[in-house]
Amino acid sequence: MAKHNDRWYRFVNWLVRTFFFGLVTGGLKSIGRENIPSTGPVIIAPIHVSHLDPPATSCAMPQRRLRFMAKEELFKGIFGKLIASLGAYPVHRGEGDMEAIRKSIDMLNQGEALLIHPEGTRGDGVRMLPVNKGVAMLAKRTGAPVVPVGIVGSKVVMPRGKAKRRRHLITIAFGKPFTFAEVAQGFNDKEARDEFCRVISERIRKLCNEHGFPVLPAEDSKVQEPAKT
């Protein structure tokens, strides 16, 4: 990405962090930012319970420019142009989008930071959804470290299915990074993917629980398989 786009991203990040999260929503608090690698590829993996989660995560880590997938329906009109200018790229949910997967692998191989919600979609804020194995595939293929992220308060400010917004502090807690290889030792390929998904889910839940947002494990312990083309 060109330097002027990087400056644009940082300007918008500062603007949203200062005025929207600082004045409108009730504040933004970042914990564990030292766990984010300062350079090189990294997968930022937050829980997903609110539309505010991606911008809140981005604003909580201004030291790294984030790229992120977003559902293709968002790439319409002025808003679509805005998020594209900030590094978003479309993904076709519910089907195997090989173009988005290849783009994700290329960006990580180029040393970028990529935000991926492991659950794939927003949960109800009560229980984690099963983790999609696509995250495991990206972590395995690229060797990128994965930073689990707990988000506390976003579902209070903007809960799923409700238009009315409340003021509340949003806390973003970044956990220690780990790699696919670190959790895959001693397992065959399928077991390694399952173990990776179990670990990332457990670490995200632990971060949420430690900072005042009790989240239950997924009812179905099985992880989600990536959709087939």
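When we follow our numbering, the leftmost residue of the sequence shown carries the number 1437, and every step to the right adds one.
For every residue, glycine included, the Cβ atom is placed at its ideal position computed from N, Cα and C.
Here the structure is a predicted model, which means the values were calculated and not measured.
Below 7 Å between beta carbons: does that hold for residue i and residue j?
i        : j        : result
Arg-1639 : Met-1564 : no
Ile-1636 : Ala-1481 : yes
Ser-1474 : Ala-1496 : no
Val-1485 : Pro-1581 : no
Val-1593 : Thr-1493 : no
Leu-1574 : Leu-1502 : no
Leu-1643 : Gly-1597 : no
Gly-1561 : Lys-1591 : yes
Phe-1455 : Leu-1464 : no
Met-1505 : Val-1527 : yes
Ile-1500 : Ile-1541 : It is worth fixing the name first, because residue 1500 is Arg in this sequence and not Ile. The answer is no: Cβ separation not under 7 Å.
Gly-1694 : Ala-1654 : Absent from the model: residue 1694. The displayed extent of the chain is 1437 to 1665, so no value can be given.
Phe-1632 : Ala-1572 : yes
Thr-1607 : His-1647 : yes
If you follow the beta strand (DSSP E) that residue i is in, where does it begin and where does it stop?
i        : result
Ala-1609 : 1606–1610
Ala-1536 : Unbroken run through Ala-1536 is the alpha helix (DSSP H), 1534–1545; no beta strand (DSSP E).
The ligand FAD heavy atoms versus the CB of residue i: any closer than 6 Å?
i        : result
Glu-1508 : Inclusion of the ligand FAD in the displayed structure is not the case, the ligand content being empty and no account of it being possible.
Can you tell me the Cβ-Cβ gap for residue i and residue j, rounded? I've got them flagged as a contact below 8 Å.
i        : j        : result
Gly-1589 : His-1604 : 5 Å
Ile-1483 : Val-1651 : 7 Å
(request) Examine the Cβ distances between the stretch 1446–1453 and the stretch 1561–1581 and report whether three or more of them are shorter than 8 Å. (result) no
(request) Could you name each continuous beta strand (DSSP E) segment of 3 residues or more that falls completely within the stretch 1455–1514, going from the start of the chain to the end? (result) 1464–1467, 1478–1482 and 1502–1507
(request) Just list the beta strand (DSSP E) runs in the stretch 1584–1655, keeping only unbroken ones of 3 residues or longer that don't cross its boundaries, in chain order. (result) 1606–1610
(message) When you compare the stretch 1505–1524 with the stretch 1617–1633, are there three or more beta-carbon pairs, one atom per stretch, that lie closer than 8 Å?
(response) Flag = no, the stretch 1505–1524 and the stretch 1617–1633 do not touch.
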